Amino acid sequence: MLNTGFEIDLGVDIIKNRDFSWSFNVNASRYRTTLLKIPSNMGSASLDGGYLSGNYLRREGTDYFNLYMYRYAGVDQETGLGMLYKKLTETDLANYPGQSVGDIVTTTVGSQATRFELGTATPDLVGGLGTNFRYKNFDLGVIASWQMGGKVVSRSYQYLTTQTIGRGVHVDLLDAWTPENTDSNIPMRMLGGTDFGNWTIGGSEGQYSDFSLFNADYFNLKTVNFGYTLSNTLAQKLYLGGLRVYVAAENIFFKSAKKGLDPRQVIDGTTINPFNYPQTKAISFGININL
Numbered sequence: 000m001l002n003t004g005f006e007i008d009l010g011v012d013i014i015k016n017r018d019f020s021w022s023f024n025v026n027a028s029r030y031r032t033t034l035l036k037i038p039s040n041m042g043s044a045s046l047d048g049g050y051l052s053g054n055y056l057r058r059e060g061t062d063y064f065n066l067y068m069y070r071y072a073g074v075d076q077e078t079g080l081g082m083l084y085k086k087l088t089e090t091d092l093a094n095y096p097g098q099s100v101g102d103i104v105t106t107t108v109g110s111q112a113t114r115f116e117l118g119t120a121t122p123d124l125v126g127g128l129g130t131n132f133r134y135k136n137f138d139l140g141v142i143a144s145w146q147m148g149g150k151v152v153s154r155s156y157q158y159l160t161t162q163t164i165g166r167g168v169h170v171d172l173l174d175a176w177t178p179e180n181t182d183s184n185i186p187m188r189m190l191g192g193t194d195f196g197n198w199t200i201g202g203s204e205g206q207y208s209d210f211s212l213f214n215a216d217y218f219n220l221k222t223v224n225f226g227y228t229l230s231n232t233l234a235q236k237l238y239l240g241g242l243r244v245y246v247a248a249e250n251i252f253f254k255s256a257k258k259g260l261d262p263r264q265v266i267d268g269t270t271i272n273p274f275n276y277p278q279t280k281a282i283s284f285g286i287n288i289n290l
């Protein structure tokens, strides 16, 4: 494998004088992992010399996190069943008159669907930014993180759309297909959640459709810290070397492609574990005292 990438870190003092200062910094990094060579006994001619590994197609000269998944085709308006795309082969033509090899059709039978390359899970850029203000004895610091590009499979979304009785379900199911709501993109609600529109084809990793595949972009306001430092004169009158009071907030704003989706929790390059604890918001107050 070949790992390549770069990192940029820039900082500037915008204003800096006795009573007021303002600085800003930003950083960004990009990385790629390319598979250069695989053992001859692992490749498959049908996969152009590559091999399957979970949700990935691993092939020489391609991104190591090359997604290879079923493509969700929406809902059959007549039956309410989820559909997947299928790429026709020579053996399929007898059942699809008028079609040609390579044509793309839809099917409600999961075992007949075709997996497609859907791009890389690796983000284009990952970075952060920060700024610091100071006016006399007051100070404010802000830190944020962000990510652009890449894709992520949300197993949380998978589980919340399984519709199994006794478990929590996703609010999207309120708009599921019914005979009165045939334009929905969500399959009809079914006991046990066995429809592959919102579950795996066969029930195991590597058999997901892109029903739960989302862009991995996000912006996170990680930390905001506002404080006041007592002047040296007042601190000395209190027999202190220094005193600062502050209020700090963590994770007070987060934005991703879908509410509840958190690409920060990715565990294997693409998958969000549904059993992780979410990152919490917190607000704290404190005093720093130097004696």
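In numbering that gives the first Met the number 0, the protein residues as written are 0 to 290.
Just so it is clear, CB atoms sit at the ideal spot from N, CA and C, and this is done for glycine as well.
Remember, predicted model here, so these are calculated numbers, not experimental data.
Task: Alpha carbon of T106 to alpha carbon of A256, nearest angstrom - done: To locate residue 106, count along the sequence shown from 1; it is residue 107. To locate residue 256, count along the sequence shown from 1; it is residue 257. Going from the Cα of T106 to the Cα of A256 covers about 28 Å.
TODO: Inspect the beta-carbon positions of Y217 and F253 and report whether they are closer than 8 Å.
DONE: For the purposes of this step, residue 217 is taken as the residue at position 218 of the sequence shown. For the purposes of this step, residue 253 is taken as the residue at position 254 of the sequence shown. In this structure, F253 lies closer than 8 Å to Y217 by Cβ.
Open item on the list: Buried or exposed, going by whether 16 or more other CB atoms sit within 10 Å of the CB of M0?
Closed with: On the sequence shown, position 1 is the one that residue 0 refers to. Label assigned to M0: exposed.
- [ ] Report yes or no: do the segment 64-72 and the segment 92-101 share at least 3 C-beta pairs separated by less than 8 Å?
- [x] no
- [ ] Using alpha carbons as the reference points, say which of S283, K15 and N289 lies closest to D134.
- [x] The residue labelled residue 134 in the question sits at position 135 within the sequence shown. Checking the sequence, you will find Tyr at residue 134 rather than Asp. Ranking S283, K15 and N289 by Cα distance to Y134 puts K15 first.
Task: Alpha-carbon spacing of L46 relative to G148, whole angstroms - done: What you label residue 46 is simply residue 47 of the sequence shown in a count that begins at 1. What you label residue 148 is simply residue 149 of the sequence shown in a count that begins at 1. Near 26 Å, if we compare the C-alpha coordinates of G148 and L46.
Task: Reduced DSSP secondary structure (H/G/I, E/B, other) of G109 - done: Walking along the sequence shown from the start, residue 109 turns up at place 110. Helix, per DSSP.
TODO: Between the Cα of S22 and those of F132, V244, K36 and N180, spot the shortest distance and give me the residue it belongs to.
DONE: Translated into positions along the sequence shown, residue 22 becomes position 23. The candidate whose alpha carbon is nearest that of S22 is F132.
Open item on the list: Rounded to the nearest angstrom, what separates I142 and D12 at their Cα positions?
Closed with: Here residue 142 refers to the residue found at position 143 when the sequence shown is read from its first residue. Here residue 12 refers to the residue found at position 13 when the sequence shown is read from its first residue. Cα-Cα distance, rounded: 16 Å.
Task: D261 versus P186 - alpha carbon distance - done: Looking up residue 261 in the sequence shown gives position 262. Looking up residue 186 in the sequence shown gives position 187. About 24 Å.
Task: Identified DSSP bridge partners for Q146 - done: The residue you call residue 146 lines up with position 147 of the sequence shown. For Q146, which the question treats as bridged, DSSP gives the partners V125 and Y217.
Task: Integer-rounded CB distance, given that K150 should sit under 8 Å from G118 - done: Translated into positions along the sequence shown, residue 118 becomes position 119. Translated into positions along the sequence shown, residue 150 becomes position 151. Contact flag correct, Cβ pair sits at about 6 Å.
Task: Beta-carbon gap between V104 and N184 smaller than 8 Å - done: Counting from 1 along the sequence shown, the entry for residue 104 is found at position 105. Counting from 1 along the sequence shown, the entry for residue 184 is found at position 185. No; because the gap between Cβ atoms is not below 8 Å, this pair is not in contact.
Open item on the list: I need the boundaries of the alpha helix (DSSP H) containing K236, first residue and last residue.
Closed with: Locating residue 236 in the sequence shown gives position 237, where the first residue counts as 1. Counting along the chain, the alpha helix (DSSP H) containing K236 begins and ends at N231 to K236.
TODO: May I have the straight-line CA-CA distance separating W145 from G10, to the nearest angstrom?
DONE: As a working mapping, residue 145 is identified with position 146 in the sequence shown. As a working mapping, residue 10 is identified with position 11 in the sequence shown. Cα-Cα distance, rounded: 17 Å.
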